[in-house]
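Asks:
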Amino acid sequence: MNITHPESLIFWTVLVFIILLVLLRKYAWKPILGAVKSRETSINDALAAAEEARKEMQNLKADNERILKEARAERDTLLKEAREMKEKIIADAREEAQEQGNKMIAQAKSAIEGEKKAALAELKNQVASLSVEIAEKVIRQEFSDKDKQLELVENMLEEVGTTLN
Amino acid sequence: MSIARKFVKIIAFLTLLISSSVFSQEHRKDHSGDTEEEAFDPTETIMHHISDSHDFHIAGDLSLPLPVILWTENGLVTFMSGEFHHDEAGEVVVEKKGMKFVRYHDEIYYAGANGELAFDEEHHPVNDRPLNFSITKNVFTLFLSAALMLLIFIPVARSYGKNQGAPKGLAGFMEPLILFVRNEIAIPNIGKEKYEKYMPYLLTVFFLIWLGNLFGLIPFFPFSGTLTNDIVFTGVLAVFTFLITTFSGNKNYWGHIFATPGVPKPLLIIMIPVEVLGMFTKPFALMVRLFANITAGHIVILSLFSLIFIFKTAAVAPVSIAFALFMFVLELLVAALQAYVFTLLSALFIGQAVEDHH
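First to last, the sequence lines map onto chains A and B.
Per the working numbering, residue 1 is the first one in the first sequence, and the count goes up by one each step.
Per the working numbering, residue 166 is the first one in the second sequence, and the count goes up by one each step.
1. Between the C-alpha atoms of Gln98 (chain A) and Met104 (chain A), what's the straight-line distance to the nearest angstrom?
2. Could you check how far apart the C-beta atoms of Thr399 (chain B) and Thr393 (chain B) are, in whole angstroms? I think they sit under 8 angstroms.
3. Does the beta-carbon of Ala518 (chain B) have 16 or more other beta-carbons within 10 angstroms, so that it is buried, or is it exposed?
4. At a Cβ threshold of 7 angstroms, is Gln15 (chain A) touching chain B?
5. What are the uninterrupted segments assigned as alpha helix (DSSP H) that are 4 or more residues long and contained completely in the stretch 395-455 of chain B, given in chain order?
6. So Tyr366 (chain B) is in the alpha helix (DSSP H); what residue range does that whole segment cover?
7. Which residues share a DSSP beta bridge with His222 (chain B)?
8. Flag Thr41 (chain A) as yes if its beta-carbon sits less than 7 angstroms from any beta-carbon of chain B, otherwise no.
9. With Ile43 (chain A) and Ile396 (chain B) assumed to form a contact (beta carbons below 8 angstroms), what rounded beta-carbon distance in angstroms separates them?
10. Determine the direct distance from the alpha carbon of Tyr363 (chain B) to that of His421 (chain B), and round the result to whole angstroms.
11. Per DSSP, which residues does Leu241 (chain B) bridge with? Please list them.
12. Which runs of the alpha helix (DSSP H) fall wholly inside the stretch 30-86 of chain A and span at least 4 residues, in chain order?
13. When DSSP builds the beta bridges, which residues end up paired with Val148 (chain B)?
14. Thinking Leu367 (chain B) and Val346 (chain B) are a contact (beta carbons under 8 angstroms), I'd like their distance in whole angstroms, please.
15. Measure the alpha-carbon distance for His251 (chain B) versus Leu15 (chain A) and round it to whole angstroms.
16. Could you tell me which chain A residues have their CB closer than 7 angstroms to the CB of Met364 (chain B), listed as they occur along the chain?
17. Who pairs with Phe526 (chain B) in a beta bridge, going by DSSP?
18. Is it true that the CB of Ala46 (chain A) sits closer than 7 angstroms to the CB of Ile319 (chain B)?
19. In the stretch 271-303 of chain B, which residues sit with their C-beta less than 9 angstroms from some C-beta in chain A, listed in chain order?
20. Are Glu340 (chain B) and Pro332 (chain B) close, meaning C-beta to C-beta below 7 angstroms?
21. Hey, Lys302 (chain B) and Phe221 (chain B) are a contact pair by Cβ (cut 8 angstroms); roughly how many whole angstroms apart?
22. Listing by chain order, which chain A residues have their CB less than 9 angstroms from the CB of Leu315 (chain B)?
23. Please report the distance separating the alpha-carbon of Met245 (chain B) from that of Leu231 (chain B).
24. What's the C-alpha gap between Phe449 (chain B) and Pro295 (chain B)?
25. Ile19 (chain A) to Thr410 (chain B), Cα distance in whole Å?
26. Alpha carbon to alpha carbon, how far is Ala322 (chain B) from His34 (chain A)? Give it in angstroms, no decimals.
27. Helix, strand or coil for Ile352 (chain B) per DSSP?
28. Roughly how many angstroms lie between the CA atoms of Val370 (chain B) and Leu509 (chain B), to the nearest whole one?
29. Does the beta-carbon distance from Ile464 (chain B) to Ile211 (chain B) come in below 7 angstroms?
30. I'd like the list of long-range same chain contacts for His192 (chain B), defined as Cβ closer than 6 angstroms, with 5 residues on each side in sequence excluded.
31. Lys148 (chain A) to Ala128 (chain A), Cα distance in whole Å?
32. Can you grab the Cα-Cα spacing for the pair Val138 (chain A) / Lys124 (chain A), in whole Å?
33. If we call anything under 7 angstroms between Cβ atoms a contact, is Leu497 (chain B) one with Ser485 (chain B)?
34. Should Gly377 (chain B) go down as buried or exposed, given a rule of 16 or more other Cβ atoms within 10 Å for buried?
35. Please go through the same chain and pick out, in chain order, the residues whose beta-carbon is closer than 6 angstroms to the beta-carbon of Arg75 (chain A), but skip the five residues on each side of it.
36. Closer than 7 angstroms, CB to CB, is Leu368 (chain B) near chain A or not?
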């Protein structure tokens, strides 16, 4: 293969290549590489931001978890306290009721005792007044019929005896 | 990455090896072919196919005449190459501005008074010739490649203005290639701080060589010209790399050439010429590697098709076609590979020139 008229291709190659280089550099390579670079930085920034957000999210999640845990613990203690309180109140109420009941029973007992005493006293009084009345009647009858008076006294006593029983 | 690079280097080396052997064979044929005039001469056909030409052959007798631009003793002369009527034997005389021109094997000479050419003993014309700045087939292909590159990359660049998101369409196809040049060629070899300055050169060279190689594989008009099988073209690109390397060279680079560190003083007498020679052999290797690889591929493909004519039977055609298809696919790889290798080595040399002391 012979190299013929090399000057033509040398001349045109140098000329065309330099023009091509200048044109492409200005209108193609610089804009393309610039765009690619800025996109790369924006992608890197976006990724970094996403990573940041993810971390923050994780922190938030951890916080939430912690808060939830605390809340749960608090609820548990509250429930426990409430249960204890309830039990205490119930126990107290029971105790008081017992006491009250005992007191009432005691009062009732004493009242019954008093009533009984009063009733007995009244009975005694009535028996006494009856005895007096009877005695009065007996005395009055005795003045008419001694046997009848005795019989009467006996009847009356018998009557009283049954009522007393 | 380094494994891939090694692999690529091995492939490039092998292709170079294969190509050189094919090349020498072709030359041997060249000498034997001269004796038989009548028979089909594959060497001449092949050499004609891979040589530059003033006409752009399209098909059969049809060819596109291209402008002939001559800088003669009497100033600029231009005419269309069609005026030679496909003559390459110096028989058709074209007369312009009182000067006669003949074309002999693609070279345009001043003809004698009667339009004759004088030859020396080795049958080389001894006539003077004007400076020839013609738009030849290869120059035409260069224009076409340059125009296509502008048509591809300027709209791609524009699309980035409109579309701030992920690249779409042509930009989506081109961006990985551009990023490949940046991330796999420029940054690893030149360094992160300095690569940006050299990106336009590397990208232009990469795509121009690739496109030039691919055009050569398309067998029909207007693509069939192959820029990169012209050693003049690859030489000009290599000179560009050489100039960039030389003018980018920092103190460290020149220090390595003229006072190689760690070398005893007396040895520098040997080292300096070797290093200076190295400055020139690197671009020389660039030039030859690209030229030889692409030319070799073309020669192999054309030889395979020549088999049909050598054996004078169409029965060889399936074999030829099968092998040629294989070669075409291989060439498709080589087209990209050689663009990569040229760009990679350019980046490597530039990287060596701008490397800081470490």
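Idealized CB from N, CA, C, for every residue including glycine.
Fair warning: this is a prediction, and the values are worked out from it, not measured in the lab.
Replies: By the coordinates alone:
1. 10 angstroms
2. 6 angstroms
3. The Cβ neighbour count for Ala518 (chain B), taken over all protein chains shown within 10 Å, is at least 16; the residue is labelled buried.
4. Residue 15 (chain A) is actually Leu in this sequence, not Gln. Taking Cβ atoms only, chain B never reaches closer than 7 angstroms to Leu15 (chain A), which makes this a no.
5. Segments of the alpha helix (DSSP H) lying fully in the stretch 395-455 of chain B: 396-413, 416-423.
6. 364-382
7. In the DSSP assignment, His222 (chain B) is bridged to B:Ser228.
8. no
9. Contact between Ile43 (chain A) and Ile396 (chain B) is absent: CB atoms are separated by about 44 angstroms, not below the 8 angstroms threshold.
10. 22 angstroms
11. B:Trp236
12. none
13. A query on residue 148 (chain B) cannot be resolved here, the shown segment of chain B reaching from 166 to 523 and no further.
14. 6 angstroms
15. His251 (chain B) and Leu15 (chain A) have their alpha carbons spaced roughly 28 angstroms apart.
16. Trp29, Leu33
17. As shown, chain B starts at 166 and ends at 523. That puts residue 526 (chain B) outside it, with no answer to give.
18. no
19. Those residues of the stretch 271-303 of chain B placed with their C-beta closer than 9 angstroms to a C-beta in chain A are Asp271, Glu272, Ile273, Arg294, Leu296, Asn297, Phe298, Ser299, Ile300, Thr301, Asn303, ordered along the chain.
20. yes
21. 5 angstroms
22. Ordered by position in chain A, the residues that pass the 9 angstroms Cβ test against Leu315 (chain B) are Leu20, Leu23, Leu24, Tyr27, Ala28.
23. Met245 (chain B) and Leu231 (chain B) have their C-alpha atoms roughly 6 angstroms apart.
24. 28 angstroms
25. 20 angstroms
26. Checking the displayed sequence, the identity of residue 34 (chain A) turns out to be Gly instead of His. Looking at the two C-alpha atoms, the distance is approximately 10 angstroms.
27. helix
28. 10 angstroms
29. In contact: Ile464 (chain B) and Ile211 (chain B) (Cβ atoms closer than 7 angstroms).
30. Because His192 (chain B) carries a pLDDT of 41, less than 50, the predicted location of this residue cannot be relied on, and no value is offered for it.
31. 22 angstroms
32. 20 angstroms
33. no
34. buried
35. none
36. yes
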